[in-house]
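Note that this note's numbering has the sequence shown beginning at 5, numbered continuously upward.
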Amino acid sequence: MGCTMSQEERAALERSRMIEKNLKEDGLQAAKDIKLLLLGAGESGKSTIVKQMKIIHESGFTAEDYKQYKPVVYSNTVQSLVAILRAMANLLIPFGDRSREDFFDVKLSSYECSFDVIEKIDAKLVMDVVARMEDTEPFSDDLLSAMKRLWADSGVHDCFARSNEYQLNDSAKYFLDDLDRLGQANYQPTEQDILRTRVKTTGIVEVHFTFKNLNFKLFDVGGQRSERKKWIHCFEDVTAIIFCVAMSEYDQVLHEDETTNRMHESLKLFDSICNNKWFTDTSIILFLNKKDLFEEKIKKSPLTICFPEYSGRQDYHEASAYIQAQFEAKNKSANKEIYCHMTCATDTTNIQFVFDAVTDVIIANNLRGCGLY
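Right, here's the structure in full:
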(Lines of atoms letter the chains of each structure in order from A; the text may use other names.)
(Lines give C-alpha, C1' and ligand atoms only; values in the text may rest on other atoms or scores of the structure.)
Protein backbone atom coordinates (compact mmCIF):
# COMPACT_ATOMS: atom_id res chain seq x y z
CA MET A 5 0.00 0.00 0.00
CA GLY A 6 1.53 3.30 -1.06
CA CYS A 7 2.46 6.07 1.30
CA THR A 8 0.44 9.27 1.07
CA MET A 9 1.33 12.69 2.39
CA SER A 10 -0.94 14.67 4.54
CA GLN A 11 -2.05 18.11 3.49
CA GLU A 12 0.33 19.60 6.05
CA GLU A 13 3.26 17.56 4.72
CA ARG A 14 2.51 18.60 1.14
CA ALA A 15 2.39 22.24 2.21
CA ALA A 16 5.70 21.87 4.07
CA LEU A 17 7.32 20.27 1.00
CA GLU A 18 6.05 23.07 -1.22
CA ARG A 19 7.44 25.68 1.19
CA SER A 20 10.78 23.87 1.17
CA ARG A 21 10.85 23.86 -2.63
CA MET A 22 10.00 27.56 -2.75
CA ILE A 23 12.73 28.37 -0.25
CA GLU A 24 15.24 26.35 -2.28
CA LYS A 25 14.09 28.08 -5.48
CA ASN A 26 14.40 31.52 -3.89
CA LEU A 27 17.83 30.72 -2.50
CA LYS A 28 18.98 29.57 -5.92
CA GLU A 29 17.58 32.71 -7.54
CA ASP A 30 19.25 34.87 -4.89
CA GLY A 31 22.50 33.02 -5.49
CA LEU A 32 22.25 33.53 -9.24
CA GLN A 33 21.53 37.23 -8.73
CA ALA A 34 24.46 37.55 -6.33
CA ALA A 35 26.67 35.86 -8.90
CA LYS A 36 25.66 38.54 -11.42
CA ASP A 37 26.70 41.44 -9.18
CA ILE A 38 30.45 41.88 -9.63
CA LYS A 39 32.44 44.24 -7.43
CA LEU A 40 36.00 44.81 -8.64
CA LEU A 41 38.67 46.65 -6.67
CA LEU A 42 41.44 48.17 -8.78
CA LEU A 43 44.60 48.38 -6.70
CA GLY A 44 48.28 49.09 -7.24
CA ALA A 45 50.98 51.65 -6.52
CA GLY A 46 50.84 55.16 -7.97
CA GLU A 47 51.12 55.55 -11.76
CA SER A 48 50.63 51.84 -12.44
CA GLY A 49 47.86 52.50 -14.98
CA LYS A 50 44.73 52.00 -12.90
CA SER A 51 42.98 55.16 -14.05
CA THR A 52 43.72 54.30 -17.68
CA ILE A 53 41.99 50.94 -17.16
CA VAL A 54 38.93 52.83 -15.88
CA LYS A 55 38.96 55.03 -18.99
CA GLN A 56 39.13 51.91 -21.15
CA MET A 57 36.03 50.53 -19.45
CA LYS A 58 34.17 53.67 -20.56
CA ILE A 59 35.34 53.09 -24.13
CA ILE A 60 34.73 49.34 -24.23
CA HIS A 61 31.64 48.87 -22.08
CA GLU A 62 29.91 52.24 -22.14
CA SER A 63 29.40 54.75 -24.94
CA GLY A 64 32.92 56.13 -24.75
CA PHE A 65 33.87 59.64 -23.70
CA THR A 66 31.21 62.34 -23.64
CA ALA A 67 31.47 65.79 -25.20
CA GLU A 68 32.00 67.11 -21.68
CA ASP A 69 34.87 64.63 -21.16
CA TYR A 70 36.62 65.89 -24.28
CA LYS A 71 36.15 69.47 -23.11
CA GLN A 72 37.50 68.75 -19.63
CA TYR A 73 40.55 66.82 -20.84
CA LYS A 74 41.69 69.50 -23.30
CA PRO A 75 43.43 71.67 -20.66
CA VAL A 76 44.87 68.49 -19.11
CA VAL A 77 46.58 67.68 -22.42
CA TYR A 78 48.08 71.18 -22.57
CA SER A 79 49.25 70.97 -18.96
CA ASN A 80 50.71 67.46 -19.26
CA THR A 81 52.68 68.55 -22.34
CA VAL A 82 54.13 71.74 -20.86
CA GLN A 83 54.78 70.17 -17.45
CA SER A 84 56.62 67.26 -19.09
CA LEU A 85 58.97 69.61 -20.93
CA VAL A 86 59.51 71.62 -17.74
CA ALA A 87 60.38 68.41 -15.87
CA ILE A 88 63.01 67.63 -18.49
CA LEU A 89 64.45 71.17 -18.35
CA ARG A 90 64.69 71.06 -14.56
CA ALA A 91 66.35 67.65 -14.77
CA MET A 92 68.89 69.02 -17.25
CA ALA A 93 69.90 71.62 -14.68
CA ASN A 94 70.09 69.05 -11.87
CA LEU A 95 71.95 66.45 -13.95
CA LEU A 96 74.17 69.09 -15.60
CA ILE A 97 73.23 67.97 -19.09
CA PRO A 98 74.12 70.72 -21.62
CA PHE A 99 71.92 71.84 -24.48
CA GLY A 100 72.97 70.71 -27.93
CA ASP A 101 72.39 74.30 -29.07
CA ARG A 102 74.99 76.30 -27.12
CA SER A 103 72.91 79.48 -27.44
CA ARG A 104 70.65 78.10 -24.72
CA GLU A 105 73.44 77.71 -22.16
CA ASP A 106 72.38 80.77 -20.12
CA PHE A 107 69.70 78.46 -18.77
CA PHE A 108 72.31 76.94 -16.45
CA ASP A 109 73.25 80.26 -14.85
CA VAL A 110 70.55 79.42 -12.31
CA LYS A 111 70.11 76.12 -10.47
CA LEU A 112 66.37 75.46 -10.83
CA SER A 113 65.09 74.03 -7.57
CA SER A 114 61.48 75.25 -7.83
CA TYR A 115 59.07 76.85 -10.26
CA GLU A 116 59.30 80.08 -8.25
CA CYS A 117 63.04 80.62 -8.80
CA SER A 118 64.37 83.85 -10.29
CA PHE A 119 64.62 84.05 -14.06
CA ASP A 120 66.38 87.46 -14.10
CA VAL A 121 69.63 86.12 -15.52
CA ILE A 122 67.97 83.91 -18.11
CA GLU A 123 67.39 86.26 -21.02
CA LYS A 124 65.48 85.64 -24.22
CA ILE A 125 65.80 81.88 -24.30
CA ASP A 126 63.19 79.26 -25.02
CA ALA A 127 63.60 77.57 -21.66
CA LYS A 128 62.67 80.79 -19.86
CA LEU A 129 59.50 81.15 -21.90
CA VAL A 130 58.34 77.62 -21.09
CA MET A 131 59.22 77.92 -17.41
CA ASP A 132 57.41 81.26 -17.19
CA VAL A 133 54.19 79.68 -18.46
CA VAL A 134 54.24 77.24 -15.55
CA ALA A 135 55.26 79.93 -13.05
CA ARG A 136 52.22 81.98 -14.12
CA MET A 137 50.02 78.85 -13.93
CA GLU A 138 49.03 79.25 -17.58
CA ASP A 139 49.98 75.71 -18.58
CA THR A 140 46.33 74.63 -19.04
CA GLU A 141 45.74 77.22 -21.77
CA PRO A 142 46.14 76.71 -25.54
CA PHE A 143 49.71 77.24 -26.72
CA SER A 144 50.57 80.72 -27.94
CA ASP A 145 52.56 80.90 -31.19
CA ASP A 146 55.69 81.90 -29.25
CA LEU A 147 55.28 79.07 -26.74
CA LEU A 148 54.66 76.49 -29.47
CA SER A 149 57.76 77.59 -31.39
CA ALA A 150 59.89 77.52 -28.23
CA MET A 151 58.67 74.05 -27.28
CA LYS A 152 59.33 72.70 -30.77
CA ARG A 153 62.87 74.08 -30.78
CA LEU A 154 63.56 72.69 -27.32
CA TRP A 155 62.17 69.25 -28.14
CA ALA A 156 64.38 69.18 -31.24
CA ASP A 157 67.49 69.91 -29.14
CA SER A 158 69.87 66.96 -28.75
CA GLY A 159 70.61 67.84 -25.12
CA VAL A 160 66.91 67.71 -24.26
CA HIS A 161 66.73 64.25 -25.84
CA ASP A 162 69.82 63.16 -23.92
CA CYS A 163 68.03 64.14 -20.73
CA PHE A 164 64.82 62.43 -21.83
CA ALA A 165 66.81 59.22 -22.33
CA ARG A 166 67.70 59.39 -18.61
CA SER A 167 64.12 59.90 -17.45
CA ASN A 168 64.40 57.00 -15.00
CA GLU A 169 66.59 59.35 -12.91
CA TYR A 170 63.80 61.87 -12.29
CA GLN A 171 59.99 62.04 -12.31
CA LEU A 172 58.48 62.27 -15.80
CA ASN A 173 55.05 61.29 -17.14
CA ASP A 174 55.02 58.25 -19.41
CA SER A 175 53.08 60.31 -21.95
CA ALA A 176 55.82 62.94 -22.37
CA LYS A 177 57.13 61.67 -25.70
CA TYR A 178 53.65 60.96 -27.03
CA PHE A 179 52.57 64.58 -26.59
CA LEU A 180 55.88 66.30 -27.35
CA ASP A 181 56.22 64.35 -30.60
CA ASP A 182 52.87 65.80 -31.72
CA LEU A 183 53.24 69.49 -30.87
CA ASP A 184 52.05 70.68 -34.29
CA ARG A 185 48.71 68.92 -33.85
CA LEU A 186 48.29 70.01 -30.22
CA GLY A 187 49.13 73.58 -31.19
CA GLN A 188 46.43 73.93 -33.84
CA ALA A 189 43.81 76.58 -33.10
CA ASN A 190 41.00 74.05 -33.59
CA TYR A 191 42.69 71.25 -31.61
CA GLN A 192 40.34 68.75 -29.97
CA PRO A 193 41.64 65.77 -27.94
CA THR A 194 41.39 62.32 -29.46
CA GLU A 195 40.39 59.20 -27.57
CA GLN A 196 44.06 58.22 -27.39
CA ASP A 197 45.01 61.69 -26.09
CA ILE A 198 42.60 61.22 -23.19
CA LEU A 199 43.96 57.74 -22.47
CA ARG A 200 47.47 59.22 -22.32
CA THR A 201 46.66 62.06 -19.93
CA ARG A 202 47.84 61.84 -16.35
CA VAL A 203 45.79 63.21 -13.44
CA LYS A 204 46.59 61.99 -9.94
CA THR A 205 43.68 60.01 -8.48
CA THR A 206 42.56 61.21 -5.06
CA GLY A 207 39.84 59.44 -3.16
CA ILE A 208 37.75 56.75 -4.83
CA VAL A 209 36.44 56.67 -8.40
CA GLU A 210 33.50 54.33 -9.05
CA VAL A 211 32.22 53.24 -12.47
CA HIS A 212 29.29 50.95 -13.32
CA PHE A 213 28.80 48.94 -16.50
CA THR A 214 27.16 45.75 -17.77
CA PHE A 215 29.06 43.00 -19.61
CA LYS A 216 28.12 39.37 -20.35
CA ASN A 217 24.87 39.89 -18.44
CA LEU A 218 26.85 40.87 -15.32
CA ASN A 219 26.54 44.10 -13.36
CA PHE A 220 30.02 45.46 -12.70
CA LYS A 221 31.06 48.02 -10.11
CA LEU A 222 34.71 48.98 -10.55
CA PHE A 223 36.49 51.00 -7.86
CA ASP A 224 39.71 52.87 -8.62
CA VAL A 225 41.57 54.25 -5.61
CA GLY A 226 44.63 56.46 -5.35
CA GLY A 227 47.89 54.52 -5.43
CA GLN A 228 50.20 56.91 -3.59
CA ARG A 229 50.86 55.98 0.03
CA SER A 230 48.74 58.84 1.35
CA GLU A 231 45.72 57.50 -0.55
CA ARG A 232 45.92 53.85 0.50
CA LYS A 233 44.26 54.30 3.88
CA LYS A 234 41.03 55.01 1.96
CA TRP A 235 40.96 51.52 0.42
CA ILE A 236 39.40 49.97 3.52
CA HIS A 237 35.99 51.39 2.60
CA CYS A 238 35.90 49.28 -0.58
CA PHE A 239 36.81 45.94 0.99
CA GLU A 240 33.40 44.53 1.83
CA ASP A 241 31.98 41.90 -0.56
CA VAL A 242 34.69 42.33 -3.19
CA THR A 243 34.38 39.75 -5.97
CA ALA A 244 37.89 40.17 -7.32
CA ILE A 245 40.94 42.43 -7.15
CA ILE A 246 42.75 43.67 -10.21
CA PHE A 247 46.25 44.60 -9.08
CA CYS A 248 48.21 46.79 -11.52
CA VAL A 249 52.00 46.86 -11.72
CA ALA A 250 54.00 49.17 -14.00
CA MET A 251 56.56 46.72 -15.40
CA SER A 252 58.57 49.52 -16.96
CA GLU A 253 59.27 51.22 -13.63
CA TYR A 254 61.74 48.65 -12.33
CA ASP A 255 64.53 51.25 -12.56
CA GLN A 256 62.58 54.20 -11.09
CA VAL A 257 61.83 55.53 -7.61
CA LEU A 258 58.59 56.72 -6.03
CA HIS A 259 57.30 60.29 -6.31
CA GLU A 260 56.61 60.33 -2.57
CA ASP A 261 59.85 58.58 -1.50
CA GLU A 262 62.84 58.85 -3.80
CA THR A 263 64.76 56.25 -1.80
CA THR A 264 62.31 53.46 -2.68
CA ASN A 265 62.33 51.54 -5.96
CA ARG A 266 58.87 51.48 -7.57
CA MET A 267 58.93 47.76 -8.32
CA HIS A 268 59.97 46.96 -4.75
CA GLU A 269 57.05 49.08 -3.52
CA SER A 270 54.64 47.20 -5.79
CA LEU A 271 55.91 43.84 -4.56
CA LYS A 272 55.52 44.90 -0.94
CA LEU A 273 52.00 46.18 -1.58
CA PHE A 274 51.02 43.06 -3.52
CA ASP A 275 52.25 40.88 -0.65
CA SER A 276 50.07 42.78 1.81
CA ILE A 277 46.99 42.55 -0.45
CA CYS A 278 47.39 38.97 -1.64
CA ASN A 279 47.84 37.60 1.88
CA ASN A 280 45.39 39.90 3.64
CA LYS A 281 42.71 38.22 5.76
CA TRP A 282 40.09 40.32 3.98
CA PHE A 283 40.90 38.60 0.70
CA THR A 284 41.22 34.95 1.69
CA ASP A 285 38.52 33.92 -0.81
CA THR A 286 38.94 36.78 -3.27
CA SER A 287 40.21 36.21 -6.81
CA ILE A 288 43.43 38.12 -7.50
CA ILE A 289 44.10 39.23 -11.08
CA LEU A 290 47.57 40.63 -11.73
CA PHE A 291 48.03 43.11 -14.57
CA LEU A 292 51.71 43.49 -15.42
CA ASN A 293 51.11 46.75 -17.22
CA LYS A 294 53.07 49.06 -19.55
CA LYS A 295 54.48 46.07 -21.40
CA ASP A 296 55.18 48.29 -24.43
CA LEU A 297 57.43 50.61 -22.42
CA PHE A 298 59.05 47.65 -20.67
CA GLU A 299 59.89 45.98 -23.99
CA GLU A 300 61.80 49.08 -25.10
CA LYS A 301 63.45 49.84 -21.78
CA ILE A 302 64.75 46.34 -21.03
CA LYS A 303 67.04 46.59 -24.07
CA LYS A 304 69.05 49.39 -22.48
CA SER A 305 68.39 49.38 -18.72
CA PRO A 306 69.31 46.14 -16.88
CA LEU A 307 66.78 44.38 -14.67
CA THR A 308 69.54 43.94 -12.09
CA ILE A 309 68.91 47.55 -11.04
CA CYS A 310 65.82 46.19 -9.31
CA PHE A 311 66.74 42.51 -8.93
CA PRO A 312 70.54 42.17 -8.44
CA GLU A 313 70.18 38.38 -8.39
CA TYR A 314 68.69 38.25 -11.90
CA SER A 315 71.01 36.36 -14.26
CA GLY A 316 68.81 35.99 -17.33
CA ARG A 317 68.95 37.74 -20.67
CA GLN A 318 67.93 41.37 -21.13
CA ASP A 319 65.00 40.52 -23.36
CA TYR A 320 61.28 41.01 -22.94
CA HIS A 321 60.14 37.41 -22.55
CA GLU A 322 62.74 36.22 -20.05
CA ALA A 323 62.74 39.41 -17.98
CA SER A 324 58.93 39.69 -17.84
CA ALA A 325 58.64 36.02 -16.82
CA TYR A 326 61.08 36.71 -13.98
CA ILE A 327 59.03 39.68 -12.77
CA GLN A 328 55.85 37.60 -12.90
CA ALA A 329 57.52 34.88 -10.83
CA GLN A 330 58.52 37.43 -8.16
CA PHE A 331 54.89 38.46 -7.68
CA GLU A 332 53.52 34.93 -7.78
CA ALA A 333 56.05 33.92 -5.12
CA LYS A 334 54.42 36.36 -2.69
CA ASN A 335 51.26 34.21 -2.60
CA LYS A 336 51.36 32.18 0.63
CA SER A 337 48.09 30.30 0.06
CA ALA A 338 48.16 26.96 -1.72
CA ASN A 339 44.46 27.37 -2.53
CA LYS A 340 44.75 30.81 -4.13
CA GLU A 341 45.63 31.18 -7.79
CA ILE A 342 47.03 34.40 -9.23
CA TYR A 343 45.68 35.11 -12.71
CA CYS A 344 48.38 37.09 -14.52
CA HIS A 345 48.13 39.11 -17.74
CA MET A 346 50.68 41.28 -19.56
CA THR A 347 48.89 44.49 -20.49
CA CYS A 348 49.22 47.84 -22.23
CA ALA A 349 46.52 50.01 -20.68
CA THR A 350 46.57 52.53 -23.54
CA ASP A 351 45.84 49.77 -26.10
CA THR A 352 42.06 49.35 -26.25
CA THR A 353 42.21 46.08 -28.21
CA ASN A 354 44.59 44.53 -25.68
CA ILE A 355 42.50 45.59 -22.68
CA GLN A 356 39.29 44.39 -24.34
CA PHE A 357 40.82 40.95 -24.94
CA VAL A 358 42.27 40.71 -21.43
CA PHE A 359 39.11 41.89 -19.70
CA ASP A 360 37.07 39.33 -21.60
CA ALA A 361 39.34 36.58 -20.26
CA VAL A 362 39.23 38.09 -16.77
CA THR A 363 35.42 38.13 -16.83
CA ASP A 364 35.30 34.42 -17.67
CA VAL A 365 37.47 33.68 -14.63
CA ILE A 366 35.30 35.87 -12.42
CA ILE A 367 32.11 34.17 -13.62
CA ALA A 368 33.47 30.69 -12.91
CA ASN A 369 34.88 31.61 -9.49
CA ASN A 370 31.79 33.54 -8.45
CA LEU A 371 29.41 30.74 -9.42
CA ARG A 372 31.65 28.25 -7.65
CA GLY A 373 31.55 30.40 -4.53
CA CYS A 374 27.75 30.40 -4.67
CA GLY A 375 27.71 26.60 -5.06
CA LEU A 376 26.31 26.90 -8.58
CA TYR A 377 29.28 25.77 -10.68
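The C-beta atom is built at its ideal place from N, Cα and C for all residues, glycine as well.
### Task
Using alpha carbons as the reference points, say which of Asp351, Glu299, Lys340, Asn339 lies closest to Ile327.
Taking the first residue of the sequence shown as 1, we reach residue 327 at position 323. Checking every option, the nearest Cα to that of Ile327 belongs to Glu299.
### Alpha carbon of Ala189 to alpha carbon of His161, nearest angstrom
Within the sequence shown, the letter at position 185 stands for residue 189. Within the sequence shown, the letter at position 157 stands for residue 161. Ala189 and His161: Cα-Cα distance of roughly 27 Å.
### Query
Which two residues bound the contiguous beta strand (DSSP E) that contains Lys221?
As a first step, residue 221 is located in the sequence shown; it is residue number 217 there, counting from the start. Looking at the DSSP string, the run of the beta strand (DSSP E) that includes Lys221 is 218 to 225.
### Query
How is Ser158 classed by DSSP in three states: helix, strand or coil?
Indexing the sequence shown from 1 puts residue 158 at position 154. Note: Ser158 maps to helix in three-state DSSP.
### Message
Alpha carbons only, please: which of Leu292, Ser51, Ile288 is nearest the one belonging to Ile208?
### Response
Your numbering for residue 208 matches position 204 in the sequence shown. Closest option to Ile208, Cα to Cα, is Ser51.
#### Entry: Where the alpha helix (DSSP H) through Lys58 begins and ends
Locating residue 58 in the sequence shown gives position 54, where the first residue counts as 1. First-last of the alpha helix (DSSP H) with Lys58: 50 to 61.
#### Entry: CA-to-CA distance, Thr206 to Ser270, given in whole angstroms
The residue given as residue 270 occupies position 266 in the sequence shown. The residue given as residue 206 occupies position 202 in the sequence shown. Cα-Cα distance, rounded: 19 Å.
### Query
Once you ignore the five residues that flank Asn335 on each side, which residues in its own chain have a CB closer than 7 Å to its CB?
Taking the sequence shown and counting its residues from 1, one reaches residue 335 at position 331. Result list for Asn335: Cys278, Ile342, in chain order.
### Task
Determine, using beta-carbon pairs with one atom in the stretch 282 to 292 and one in the stretch 242 to 253, whether at least three such pairs fall under 8 Å.
yes
#### Entry: Cβ neighbours of Trp155 in the same chain (closer than 6 Å, five flanking residues each side left out)
Position 151 of the sequence shown, counting from 1, holds the residue named residue 155. Cβ neighbours of Trp155 beyond the five flanking positions: Leu180.
### Message
Check for me: the beta strand (DSSP E) holding Ser287 runs from which residue to which?
### Response
On the sequence shown, residue 287 is found 283 positions in, with the first residue counted as 1. 287 to 293 is the extent of the beta strand (DSSP E) around Ser287.
### Message
Please return the same chain residues whose Cβ sits closer than 6 Å to the Cβ of Met346, not counting the five positions on each side in sequence.
### Response
For the purposes of this step, residue 346 is taken as residue 342 along the sequence shown, with counting starting at 1. Hits under 6 Å: Leu292, Lys295.
#### Entry: Residue(s) in a DSSP beta bridge with Lys39
By 1-based counting over the sequence shown, the position of residue 39 is 35. In the DSSP output, where bridge partners are listed per residue, Lys39 has Lys221.
### Message
Do Leu199 and Lys71 have their beta-carbon atoms positioned less than 8 Å apart in this structure?
### Response
Counting from one through the sequence shown, the residue named residue 71 turns up at place 67. Counting from one through the sequence shown, the residue named residue 199 turns up at place 195. Not in contact: Lys71 and Leu199 (Cβ atoms no closer than 8 Å).
### Task
Just confirm the distance between the C-beta atoms of Leu218 and Thr363, as a whole number of angstroms; I'd bet it's less than 8 Å.
Along the sequence shown, read from residue 1 onward, the residue named residue 218 stands at position 214. Along the sequence shown, read from residue 1 onward, the residue named residue 363 stands at position 359. Rounded, the Cβ-Cβ distance is 7 Å, consistent with contact.
### Query
Smallest Cα separation from Thr214: which of Tyr320, Asp360, Asn369?
Indexing the sequence shown from 1 puts residue 214 at position 210. Considering only alpha carbons, the answer is Asp360.
### Query
Name the DSSP beta bridge partners of Phe179, please?
Taking the sequence shown and counting its residues from 1, one reaches residue 179 at position 175. Answer is none; Phe179 lacks a bridge partner.
### Residues near Val86 in its chain [Cβ-Cβ closer than 7 Å; skip 5 each side]
Position 82 of the sequence shown, counted from the start, is the residue given in the question as residue 86. Excluding positions up to five away in sequence, the list reads Val130, Met131, Val134.
### Query
Per DSSP, what kind of secondary structure is Tyr170 in: helix, strand or coil?
On the sequence shown, residue 170 is found 166 positions in, with the first residue counted as 1. Coil at Tyr170, not helix or strand.
### C-alpha gap between Gln171 and Asn280, whole angstroms
As a first step, residue 171 must be located in the sequence shown, where it is residue number 167. As a first step, residue 280 must be located in the sequence shown, where it is residue number 276. Each residue's alpha carbon lies about 31 Å from the other.
### Message
If you reduce the DSSP assignment to three classes, tell me which class Val362 lands in.
### Response
For the purposes of this step, residue 362 is taken as residue 358 along the sequence shown, with counting starting at 1. Correct three-state label for Val362: helix.
### Task
Please say whether Leu186 and Val76 have beta carbons closer to each other than 8 Å?
Counting from 1 along the sequence shown, the entry for residue 76 is found at position 72. Counting from 1 along the sequence shown, the entry for residue 186 is found at position 182. Going by C-beta atoms, Val76 is not nearer than 8 Å to Leu186.
### Query
Quick one: what's Cys248 bridged to in DSSP?
Numbered from its first residue, the sequence shown carries residue 248 at position 244. Answer is Gly44, Phe291.
### Query
How should Ser276 be labelled, buried or exposed, when 16 other C-beta atoms within 10 angstroms of its C-beta is the threshold for buried?
Numbered from its first residue, the sequence shown carries residue 276 at position 272. The residue is exposed, with fewer than 16 neighbouring Cβ atoms inside 10 Å.
#### Entry: Gln83 versus Ala323, Thr140, Pro193, residue with shortest Cα-Cα distance
For the purposes of this step, residue 83 is identified with residue 79 of the sequence shown, where counting begins at 1. Nearest of Ala323, Thr140, Pro193 to Gln83, Cα basis: Thr140.
#### Entry: Residue nearest to Ala91 in terms of C-alpha spacing, selected from Ile53, Ala127, Lys272
Working through the sequence shown from its first residue, we reach residue 91 at position 87. Checked all of Ile53, Ala127, Lys272; the closest Cα to Ala91 is Ala127.
### Query
Taking Cβ to Cβ, would you say Lys331 is nearer than 8 Å to Phe274?
Along the sequence shown, one-based indexing puts residue 331 at 327. Along the sequence shown, one-based indexing puts residue 274 at 270. The sequence given here places Phe at residue 331; Lys does not occur at that position. Yes, these two residues count as a Cβ contact at 8 Å.
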